[in-house]
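As they're listed, the protein sequences go chains R and U.
Under numbering that gives the first Met the number 0, residues 0 to 258 are what the first sequence spells out, in order.
Under numbering that gives the first Met the number 0, residues 0 to 258 are what the second sequence spells out, in order.
Using N, Cα and C, we set each Cβ at its ideal position, and we do this for glycine too.
Every value quoted in this text rests on a predicted model; they were computed, and no experiment measured them.
Protein chains: 2
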Amino acid sequence: MATVTAQSGDEAPIPLIAKLETVVRLPDEDRRALAALGVNAREMGARRNIIREGDRPDHVHLIVEGWAARYKLLPDGARQITAFLIPGDFCDLHVTILGEMDHGIATLTRSRVAFIPHSVMEALTQRPALIKAFWWATLVDEAVLRSWIVNVGRRDAFEAVGHLLCELYVRMKNVGLVEDHRFDLPLTQEEIGDALGLTSVHVNRVLQRLRAEDLISLRHGHLTIHDYRRLEKAAGFNPNYLHIERRVQAPASRGPVTL
Amino acid sequence: MATVTAQSGDEAPIPLIAKLETVVRLPDEDRRALAALGVNAREMGARRNIIREGDRPDHVHLIVEGWAARYKLLPDGARQITAFLIPGDFCDLHVTILGEMDHGIATLTRSRVAFIPHSVMEALTQRPALIKAFWWATLVDEAVLRSWIVNVGRRDAFEAVGHLLCELYVRMKNVGLVEDHRFDLPLTQEEIGDALGLTSVHVNRVLQRLRAEDLISLRHGHLTIHDYRRLEKAAGFNPNYLHIERRVQAPASRGPVTL
DNA sequence: GGTTGTGTCTAACATGGATTAGTCACGATG
DNA sequence: CATCGTGACTAATCCATGTTAGACACAACC
Numbered sequence: 000m001a002t003v004t005a006q007s008g009d010e011a012p013i014p015l016i017a018k019l020e021t022v023v024r025l026p027d028e029d030r031r032a033l034a035a036l037g038v039n040a041r042e043m044g045a046r047r048n049i050i051r052e053g054d055r056p057d058h059v060h061l062i063v064e065g066w067a068a069r070y071k072l073l074p075d076g077a078r079q080i081t082a083f084l085i086p087g088d089f090c091d092l093h094v095t096i097l098g099e100m101d102h103g104i105a106t107l108t109r110s111r112v113a114f115i116p117h118s119v120m121e122a123l124t125q126r127p128a129l130i131k132a133f134w135w136a137t138l139v140d141e142a143v144l145r146s147w148i149v150n151v152g153r154r155d156a157f158e159a160v161g162h163l164l165c166e167l168y169v170r171m172k173n174v175g176l177v178e179d180h181r182f183d184l185p186l187t188q189e190e191i192g193d194a195l196g197l198t199s200v201h202v203n204r205v206l207q208r209l210r211a212e213d214l215i216s217l218r219h220g221h222l223t224i225h226d227y228r229r230l231e232k233a234a235g236f237n238p239n240y241l242h243i244e245r246r247v248q249a250p251a252s253r254g255p256v257t258l
Numbered sequence: 000m001a002t003v004t005a006q007s008g009d010e011a012p013i014p015l016i017a018k019l020e021t022v023v024r025l026p027d028e029d030r031r032a033l034a035a036l037g038v039n040a041r042e043m044g045a046r047r048n049i050i051r052e053g054d055r056p057d058h059v060h061l062i063v064e065g066w067a068a069r070y071k072l073l074p075d076g077a078r079q080i081t082a083f084l085i086p087g088d089f090c091d092l093h094v095t096i097l098g099e100m101d102h103g104i105a106t107l108t109r110s111r112v113a114f115i116p117h118s119v120m121e122a123l124t125q126r127p128a129l130i131k132a133f134w135w136a137t138l139v140d141e142a143v144l145r146s147w148i149v150n151v152g153r154r155d156a157f158e159a160v161g162h163l164l165c166e167l168y169v170r171m172k173n174v175g176l177v178e179d180h181r182f183d184l185p186l187t188q189e190e191i192g193d194a195l196g197l198t199s200v201h202v203n204r205v206l207q208r209l210r211a212e213d214l215i216s217l218r219h220g221h222l223t224i225h226d227y228r229r230l231e232k233a234a235g236f237n238p239n240y241l242h243i244e245r246r247v248q249a250p251a252s253r254g255p256v257t258l
């Protein structure tokens, strides 16, 4: 798959670095430290637990490749997904301070997941540029969570699904995984429902309406957005909260970007 | 009002410091820098905008006293509240990187709000202990947002309201504002509804059920929780995500706590 | 002490989305 | 090639919550 690279000409971009450098360029030494995290990531099959609620892991996990989801199981068996994690996303930074996981995380697809010892995280956060970048990434995650609350709380099912698709489109684009308004969306209708507080039955109805209105096609885990502007409008989507800097999307294979 | 102090014996505790020190004690110099933030906070009336969507403020705002809410207005006039801000909470840390506000923030009660220039934030975040503490606080905020998503997405109205009350109880306790299972809760039923994706009519029905089941009383902006354990259970509330350290709740006016 | 505004509470009715219980297509597996 | 499992899709019915509209209590203000 051809991808947009925001780092150095010919190598595949490293999603974590691409994401963090959306805000500001990192010192080379820091980029090297980050790049090292991914080298011996573990392969995991689809639908495997990365961590469970209640765990007190001694590693921080980072998605290097593939998709995962953060989810909370309720006593009555209902599931609420609170995040979709894509390459470059940390799974459980908060566990250092929270002590135990208050939710679980599972892969959705075959994935590569880095297991980072606390000692390494400790070392990384000694670097001023990195701790700042991590904090900023957390602030962006927060903005995403807020938009999900709006989705679930006050948008109807049609708008909510549309909004989620727009969000994933922009995030995938930010890490260079969109090609011509098309990207892999390996979510079942049930997973989409669990993210938006809907049933899979209702998600199905909504997707059909999105297709009927010629906004998207979605088949075999591939999503194509036919009319992004109209979808954005129908869903009330404004990408400002994701902080897209043009310079990260544009320069494709022109070498490192300086400020 | 008598409060639990986690700082120095006789003075009123500073909520921001209390909150940040839930995780780890800060160097005295850092505490002094934080304490300085509150000294010339501005008085604001109830229901005043602190910032509006689209603003590009040149200050970061901090709630020193009173309550505020983060809210998003939708095209159809609906409002979704995404956070209740209490003393010690920052309003808009993310605006530095996001550029513009993607939502508004308004006071709910008479408040004191500190306006902190970016240059001061910049200086504070040069201090290793402080930037770490800010990041941690952001991670806790994230955990709160996740629990709201679960509230709105998969809990029914009764559980959701109960869960919110438990959350606010614990957070208020963390900053020393709970006395004998009782605290100020200056929210209208409409505001509670806007936080949980419900109408005020339905919130009213639920509150009456909570009273009928003898779990709470709520009158004139004062909430008393009669049976916290039962409420916690009815709402499926587990405070682990808020990271309560006993040592912050316990030591009541015994002077500074050291690790 | 009337008026105004705000918040609480109630009732009657309407509905978006849940629930339940399937069918069907397809890929993987033995 | 029969079987199994999973995900997409459909239809009929139901219910938690929304909508609308108004009564009531109380505080602030002239």
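Two segments are said to touch when three or more pairs of C-beta atoms, one from each, lie closer than 8 Å; by this definition the stretch 131-151 of chain R touches the stretch 126-135 of chain U. Here A113(R) is not near I49(R), since their CB atoms are 8 Å or more apart. One alpha carbon belongs to Q79(U), the other to R154(R), and they sit about 9 Å apart. According to the DSSP assignment, Q188(U) belongs to no beta strand (DSSP E) but to the alpha helix (DSSP H) extending over 188-195. Between the stretch 182-198 of chain R and the stretch 148-164 of chain R there are three or more C-beta pairs closer than 8 Å, enough to call the two in contact. By the rule that beta-carbons nearer than 8 Å mark a contact, A45(R) does not touch chain U. If you look at R181(U), you'll find it in the beta strand (DSSP E) that goes 181-183.
Taking the Cβ atoms as the reference, F83(U) lies roughly 15 Å from L61(U), outside the contact range of under 8 Å.
Assignment of beta-bridge partners to H93(U) by DSSP yields no partner. The Cβ of H117(R) sits no closer than 8 Å to any Cβ of chain U. Among the CB atoms of chain R, one or more fall inside 8 Å of the CB of Y240(U). Selection A35(R), D29(R), R170(R) evaluated against V143(R) yields R170(R) as nearest (Cα-Cα). Contacts with chain U at 8 Å (Cβ-Cβ) include K131(R).
Between the alpha carbons of E64(R) and I85(R) lies a distance of about 7 Å. With respect to V202(R), Q188(R) sits close: the two C-beta atoms are nearer than 8 Å. Separation of D101(U) and P116(U) (C-alpha to C-alpha, rounded to the nearest whole angstrom) is 20 Å.
Inter-residue distance for R208(R) and E190(R) is about 18 Å (C-alpha atoms, whole angstroms).
Among the residues facing chain R, I96(U) is included, as its CB has a counterpart in that chain under 8 Å away. With a threshold of 16 other beta carbon atoms within 10 Å, P14(U) meets it and is buried. Leaving aside the five residues that flank T124(U) on each side, the residues in its chain whose CB is nearer than 8 Å to its CB run, in chain order, I130, F133.
For H58(R), the enclosing beta strand (DSSP E) has its first and last residue at 58-64. The alpha helix (DSSP H) runs of length 4 or more contained entirely in the stretch 202-232 of chain U do not exist; there are none. Counted as a single uninterrupted DSSP element, the alpha helix (DSSP H) harbouring V143(U) occupies residues 127-153.
Contact annotation for L138(R) against chain U: L92, H93, I96, L97, T137 [CB-CB distance below 8 Å, chain order]. For P74(U), DSSP assigns no beta-bridge partner whatsoever. With fewer than 16 other beta carbons inside 10 angstroms of its own, R55(R) counts as exposed. Close partners of E141(U) in chain R (Cβ separation under 8 Å): H93, T137, D140, E141, L144.
Closest option to D179(R), judged by alpha-carbon separation, among S199(R), E141(R), L222(R), L138(R): L222(R).
A Cβ of chain R is located within less than 8 Å of the beta carbon of N237(U). Under the three-state reduction of DSSP output, M120(U) falls in the helix class.
With fewer than 16 other CB atoms across the displayed protein chains lying within 10 angstroms of its CB, V200(R) is exposed. Assignment of M43(R) by DSSP, reduced to helix, strand and coil, places it in the strand class. For A32(R) against I16(R), the beta-carbon gap comes to about 10 Å, at or over 8 Å, which does not count as contact.
Residues of chain U whose Cβ lies closer than 9 Å to the Cβ of K18(R) do not exist; the shortest such Cβ separation is about 12 Å. Within the model, the alpha-carbon separation for K71(U) versus G235(R) is close to 12 Å.
When the beta-carbon positions are compared, L138(R) and L92(U) come within less than 8 Å of each other.
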